[in-house]
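Engineer:
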Amino acid sequence: MEQLKAKLAVVTGASSGIGAAIVRDLIAAGLIVIGLARRYERMEALRQELSTDEQRARFHAIKCNIADGRDVAEVFTRIIRDHGPVYVLVNNAGCFRFGQLATMDECEVQEVLQTNVMGVVNCTRHVFAAMRAHSIDGHVILINSICGHKVPVISDAMPILNIYPATKFALTAINEIYRQEFKGLGTRVKVTSISPGLVDTEIITEDQKRLVDGKILTPENVSGAIMYVLSQPPNVQIYELIMKPVGDSL
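Note that the sequence shown ends on residue 250 in full-length UniProt numbering; no numbers are left out.
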(Lines of atoms letter the chains of each structure in order from A and count residues from 1; the text may use other names and numbers.)
(Lines give C-alpha, C1' and ligand atoms only; values in the text may rest on other atoms or scores of the structure.)
Protein backbone atom coordinates (compact mmCIF):
# COMPACT_ATOMS: atom_id res chain seq x y z
CA MET A 1 0.00 0.00 0.00
CA GLU A 2 3.02 2.29 0.31
CA GLN A 3 2.77 3.22 -3.38
CA LEU A 4 -0.75 4.59 -2.81
CA LYS A 5 -0.01 6.89 0.12
CA ALA A 6 -1.30 10.42 -0.52
CA LYS A 7 -2.99 9.21 -3.73
CA LEU A 8 -6.67 9.83 -4.43
CA ALA A 9 -9.35 7.16 -4.00
CA VAL A 10 -13.10 7.48 -4.61
CA VAL A 11 -15.58 5.24 -2.78
CA THR A 12 -19.22 5.20 -3.82
CA GLY A 13 -21.91 4.34 -1.29
CA ALA A 14 -19.65 5.70 1.44
CA SER A 15 -22.31 6.66 3.97
CA SER A 16 -22.61 3.31 5.78
CA GLY A 17 -21.82 -0.41 5.82
CA ILE A 18 -19.15 -1.66 3.44
CA GLY A 19 -18.49 1.80 2.01
CA ALA A 20 -17.85 3.36 5.42
CA ALA A 21 -15.51 0.49 6.37
CA ILE A 22 -13.57 0.98 3.12
CA VAL A 23 -13.22 4.70 3.80
CA ARG A 24 -11.81 4.04 7.27
CA ASP A 25 -9.26 1.53 6.00
CA LEU A 26 -8.12 3.65 3.05
CA ILE A 27 -7.72 6.69 5.29
CA ALA A 28 -5.73 4.60 7.80
CA ALA A 29 -3.48 3.49 4.91
CA GLY A 30 -2.65 7.11 4.10
CA LEU A 31 -4.78 7.77 1.03
CA ILE A 32 -6.86 10.84 0.27
CA VAL A 33 -10.45 9.61 0.02
CA ILE A 34 -13.55 11.12 -1.53
CA GLY A 35 -16.79 9.51 -0.44
CA LEU A 36 -19.86 9.68 -2.66
CA ALA A 37 -23.38 9.00 -1.39
CA ARG A 38 -26.83 10.53 -1.29
CA ARG A 39 -26.71 10.82 2.53
CA TYR A 40 -24.15 13.58 2.91
CA GLU A 41 -24.79 14.02 6.62
CA ARG A 42 -23.87 10.38 7.29
CA MET A 43 -20.52 10.87 5.55
CA GLU A 44 -19.86 14.02 7.55
CA ALA A 45 -20.57 12.04 10.73
CA LEU A 46 -18.10 9.40 9.52
CA ARG A 47 -15.47 12.11 8.98
CA GLN A 48 -15.90 13.30 12.56
CA GLU A 49 -15.36 9.73 13.78
CA LEU A 50 -11.88 9.55 12.22
CA SER A 51 -9.19 9.53 14.86
CA THR A 52 -7.06 12.60 14.04
CA ASP A 53 -7.38 16.02 12.43
CA GLU A 54 -4.92 14.89 9.77
CA GLN A 55 -7.12 11.93 8.87
CA ARG A 56 -10.25 14.08 8.84
CA ALA A 57 -8.49 16.48 6.44
CA ARG A 58 -7.91 13.63 3.99
CA PHE A 59 -11.59 12.67 3.76
CA HIS A 60 -13.95 14.66 1.56
CA ALA A 61 -17.67 13.94 1.32
CA ILE A 62 -19.67 14.80 -1.80
CA LYS A 63 -23.38 14.24 -2.22
CA CYS A 64 -24.03 12.23 -5.37
CA ASN A 65 -26.73 9.97 -6.75
CA ILE A 66 -24.81 7.54 -8.93
CA ALA A 67 -28.06 6.41 -10.59
CA ASP A 68 -28.19 9.86 -12.21
CA GLY A 69 -25.72 10.05 -15.08
CA ARG A 70 -25.76 13.87 -15.15
CA ASP A 71 -25.03 14.07 -11.43
CA VAL A 72 -22.14 11.62 -11.83
CA ALA A 73 -20.64 13.63 -14.71
CA GLU A 74 -20.80 16.88 -12.74
CA VAL A 75 -19.31 15.34 -9.61
CA PHE A 76 -16.37 13.71 -11.37
CA THR A 77 -15.62 16.87 -13.34
CA ARG A 78 -15.44 18.64 -9.99
CA ILE A 79 -13.28 15.91 -8.41
CA ILE A 80 -10.73 15.87 -11.20
CA ARG A 81 -10.64 19.67 -11.38
CA ASP A 82 -10.17 20.17 -7.63
CA HIS A 83 -8.22 17.07 -6.60
CA GLY A 84 -6.62 15.60 -9.72
CA PRO A 85 -7.00 12.15 -11.26
CA VAL A 86 -8.27 9.19 -9.26
CA TYR A 87 -5.90 6.28 -8.59
CA VAL A 88 -8.44 3.94 -6.97
CA LEU A 89 -12.17 3.72 -7.66
CA VAL A 90 -14.27 1.45 -5.45
CA ASN A 91 -17.67 0.94 -7.04
CA ASN A 92 -19.45 -0.03 -3.86
CA ALA A 93 -22.85 1.70 -4.04
CA GLY A 94 -25.71 -0.71 -4.57
CA CYS A 95 -29.46 -0.87 -4.32
CA PHE A 96 -31.86 -3.66 -3.36
CA ARG A 97 -35.63 -3.70 -3.25
CA PHE A 98 -37.75 -6.51 -1.82
CA GLY A 99 -40.35 -8.11 -4.05
CA GLN A 100 -40.94 -10.46 -6.94
CA LEU A 101 -39.80 -9.51 -10.43
CA ALA A 102 -43.07 -10.79 -11.90
CA THR A 103 -45.17 -8.35 -9.88
CA MET A 104 -43.08 -5.45 -8.58
CA ASP A 105 -43.31 -1.88 -9.84
CA GLU A 106 -41.22 -0.99 -12.88
CA CYS A 107 -39.80 2.08 -11.12
CA GLU A 108 -38.23 -0.08 -8.42
CA VAL A 109 -36.70 -2.41 -11.02
CA GLN A 110 -35.27 0.59 -12.90
CA GLU A 111 -33.83 2.03 -9.68
CA VAL A 112 -31.90 -1.17 -8.99
CA LEU A 113 -30.67 -1.42 -12.59
CA GLN A 114 -29.60 2.22 -12.76
CA THR A 115 -27.75 2.07 -9.44
CA ASN A 116 -26.12 -1.35 -9.64
CA VAL A 117 -25.18 -1.36 -13.32
CA MET A 118 -25.26 2.11 -14.86
CA GLY A 119 -23.84 3.69 -11.71
CA VAL A 120 -20.76 1.49 -12.07
CA VAL A 121 -20.49 2.14 -15.81
CA ASN A 122 -20.81 5.92 -15.46
CA CYS A 123 -18.37 6.28 -12.55
CA THR A 124 -15.81 4.02 -14.18
CA ARG A 125 -16.00 5.82 -17.52
CA HIS A 126 -15.05 9.18 -15.99
CA VAL A 127 -12.32 7.76 -13.77
CA PHE A 128 -10.77 5.64 -16.52
CA ALA A 129 -10.65 8.60 -18.92
CA ALA A 130 -8.59 10.57 -16.40
CA MET A 131 -6.36 7.58 -15.57
CA ARG A 132 -5.64 7.08 -19.27
CA ALA A 133 -5.05 10.78 -19.95
CA HIS A 134 -2.53 10.98 -17.08
CA SER A 135 -0.91 7.57 -17.74
CA ILE A 136 -1.91 6.32 -14.29
CA ASP A 137 -1.74 2.60 -13.54
CA GLY A 138 -4.90 2.82 -11.46
CA HIS A 139 -7.28 0.26 -10.02
CA VAL A 140 -11.04 -0.12 -10.47
CA ILE A 141 -12.81 -2.34 -7.93
CA LEU A 142 -16.34 -3.65 -8.36
CA ILE A 143 -18.19 -4.74 -5.23
CA ASN A 144 -20.08 -7.64 -6.73
CA SER A 145 -21.93 -10.41 -4.86
CA ILE A 146 -22.15 -14.16 -4.58
CA CYS A 147 -25.47 -13.53 -6.34
CA GLY A 148 -23.43 -12.54 -9.38
CA HIS A 149 -22.34 -16.17 -9.78
CA LYS A 150 -25.32 -18.17 -8.56
CA VAL A 151 -28.92 -17.28 -7.77
CA PRO A 152 -29.51 -18.48 -4.19
CA VAL A 153 -32.45 -20.78 -3.56
CA ILE A 154 -33.89 -20.95 -0.05
CA SER A 155 -36.26 -23.88 0.35
CA ASP A 156 -39.90 -23.12 1.21
CA ALA A 157 -39.29 -19.37 1.02
CA MET A 158 -40.74 -16.93 -1.50
CA PRO A 159 -37.93 -15.58 -3.71
CA ILE A 160 -37.28 -11.90 -2.92
CA LEU A 161 -34.11 -11.12 -4.88
CA ASN A 162 -35.92 -10.22 -8.14
CA ILE A 163 -33.64 -8.20 -10.48
CA TYR A 164 -30.74 -7.96 -7.99
CA PRO A 165 -28.87 -11.13 -9.07
CA ALA A 166 -29.19 -10.09 -12.72
CA THR A 167 -27.43 -6.79 -11.93
CA LYS A 168 -24.64 -8.66 -10.17
CA PHE A 169 -24.28 -11.19 -12.99
CA ALA A 170 -23.87 -8.10 -15.17
CA LEU A 171 -20.96 -6.95 -12.98
CA THR A 172 -19.28 -10.34 -13.41
CA ALA A 173 -19.41 -9.84 -17.18
CA ILE A 174 -18.45 -6.16 -16.94
CA ASN A 175 -15.36 -7.11 -14.91
CA GLU A 176 -14.10 -9.22 -17.82
CA ILE A 177 -15.10 -6.59 -20.37
CA TYR A 178 -13.08 -3.97 -18.48
CA ARG A 179 -10.08 -6.29 -18.19
CA GLN A 180 -10.04 -6.75 -21.95
CA GLU A 181 -10.70 -3.09 -22.73
CA PHE A 182 -8.18 -1.63 -20.27
CA LYS A 183 -5.51 -3.84 -21.83
CA GLY A 184 -6.69 -3.23 -25.40
CA LEU A 185 -6.65 0.55 -24.89
CA GLY A 186 -2.98 0.37 -23.94
CA THR A 187 -3.20 0.91 -20.18
CA ARG A 188 -2.11 -1.04 -17.12
CA VAL A 189 -5.23 -0.15 -15.14
CA LYS A 190 -6.29 -3.10 -13.00
CA VAL A 191 -9.83 -4.29 -12.40
CA THR A 192 -11.06 -6.55 -9.61
CA SER A 193 -14.47 -8.02 -8.82
CA ILE A 194 -15.04 -8.82 -5.15
CA SER A 195 -18.06 -11.05 -4.50
CA PRO A 196 -19.04 -11.45 -0.86
CA GLY A 197 -21.79 -13.64 0.48
CA LEU A 198 -24.31 -12.16 2.89
CA VAL A 199 -22.89 -9.08 4.66
CA ASP A 200 -24.26 -7.54 7.85
CA THR A 201 -25.42 -4.17 6.51
CA GLU A 202 -28.51 -1.99 6.87
CA ILE A 203 -30.42 -3.81 4.12
CA ILE A 204 -30.21 -7.20 5.88
CA THR A 205 -33.22 -7.97 8.06
CA GLU A 206 -33.22 -9.94 11.28
CA ASP A 207 -35.28 -12.65 9.53
CA GLN A 208 -32.56 -13.02 6.91
CA LYS A 209 -29.92 -13.34 9.60
CA ARG A 210 -31.93 -16.12 11.22
CA LEU A 211 -32.23 -17.94 7.89
CA VAL A 212 -28.44 -18.17 7.64
CA ASP A 213 -28.05 -19.02 11.34
CA GLY A 214 -25.69 -16.11 11.96
CA LYS A 215 -23.27 -17.13 9.19
CA ILE A 216 -22.62 -13.66 7.85
CA LEU A 217 -19.69 -11.46 6.85
CA THR A 218 -18.96 -8.03 8.30
CA PRO A 219 -18.30 -4.85 6.29
CA GLU A 220 -14.77 -4.95 7.71
CA ASN A 221 -14.25 -8.41 6.18
CA VAL A 222 -15.01 -7.01 2.74
CA SER A 223 -12.87 -3.94 3.26
CA GLY A 224 -10.00 -6.18 4.37
CA ALA A 225 -10.24 -8.00 1.05
CA ILE A 226 -9.96 -4.69 -0.79
CA MET A 227 -6.86 -3.75 1.18
CA TYR A 228 -5.34 -7.13 0.27
CA VAL A 229 -6.11 -6.58 -3.42
CA LEU A 230 -4.61 -3.07 -3.39
CA SER A 231 -1.47 -4.26 -1.59
CA GLN A 232 -0.37 -6.49 -4.47
CA PRO A 233 2.74 -5.55 -6.50
CA PRO A 234 2.34 -3.84 -9.90
CA ASN A 235 2.60 -7.10 -11.86
CA VAL A 236 -0.22 -8.83 -9.93
CA GLN A 237 -3.91 -8.35 -10.62
CA ILE A 238 -6.39 -10.08 -8.34
CA TYR A 239 -9.03 -10.45 -11.01
CA GLU A 240 -11.83 -12.03 -9.00
CA LEU A 241 -12.26 -12.75 -5.31
CA ILE A 242 -15.22 -14.65 -3.85
CA MET A 243 -15.83 -14.48 -0.09
CA LYS A 244 -18.20 -16.64 1.95
CA PRO A 245 -18.63 -16.96 5.70
CA VAL A 246 -17.42 -20.26 7.13
CA GLY A 247 -20.26 -22.76 7.20
CA ASP A 248 -22.34 -20.89 4.61
CA SER A 249 -24.65 -23.24 2.69
CA LEU A 250 -26.01 -20.86 0.02
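The beta-carbon is built from N, C-alpha and C at its ideal position, and this holds for glycine as well.
Quick one, which of Tyr40, Pro85, Gly17 and Phe128 has its alpha-carbon nearest Leu198's?
Structural biologist: Residue Gly17 is the option with its Cα nearest to Leu198.
Engineer: Starting from Asn221, trace the beta strand (DSSP E) both ways and give me its first and last residue.
Structural biologist: Unbroken run through Asn221 is the alpha helix (DSSP H), Pro219 to Leu230; no beta strand (DSSP E).
Engineer: Would you kindly work out how many angstroms separate the C-alpha atoms of Ala20 and Val222, rounded to a whole number?
Structural biologist: Distance between the alpha carbons of Ala20 and Val222 is about 11 angstroms.
Engineer: Helix, strand or coil for Lys63? Go by DSSP, reduced to three states.
Structural biologist: Strand, per DSSP.
Engineer: Looking only at its own chain, which residues have a Cβ that is under 6 angstroms from the Cβ of Lys190, when we skip the five neighbours before and after it?
Structural biologist: His139 and Gln237.
Engineer: In three-state terms, what does DSSP make of Val33?
Structural biologist: If DSSP states are grouped into helix, strand and coil, Val33 belongs with the strands.
Engineer: In the DSSP assignment, the beta strand (DSSP E) including Glu2 goes from what residue to what residue?
Structural biologist: Unbroken run through Glu2: none, as it is neither H nor E.
Engineer: Where Thr103 and Ala225 are concerned, what is the direct C-alpha to C-alpha distance, given to the nearest angstrom?
Structural biologist: Each residue's alpha carbon lies about 37 angstroms from the other.
Engineer: Can you name, in chain order, every residue of its own chain whose Cβ lies under 6 angstroms from the Cβ of Ile242, other than the five neighbours on each side?
Structural biologist: These residues qualify, in order along the chain: Ser195.
Engineer: Since Leu144 contacts Thr172 with CB under 8 angstroms, what's their CB separation in whole angstroms?
Structural biologist: Correcting the residue identity first, residue 144 is Asn in this sequence and not Leu. The Cβ separation is near 6 angstroms, so the contact holds.
Engineer: Take every Cβ of the segment 64-83, pair it with every Cβ of the segment 29-43, and state whether three or more of those distances are shorter than 8 angstroms.
Structural biologist: Contact holds: three or more Cβ-Cβ distances are below 8 angstroms.
Engineer: With a 10 Å radius around its C-beta and 16 neighbouring C-beta atoms as the bar for buried, classify Lys5 as buried or exposed.
Structural biologist: Lys5 comes out exposed.
Engineer: Examine the Cβ distances between the segment 69-77 and the segment 49-61 and report whether three or more of them are shorter than 8 angstroms.
Structural biologist: The segment 69-77 vs the segment 49-61: no contact.
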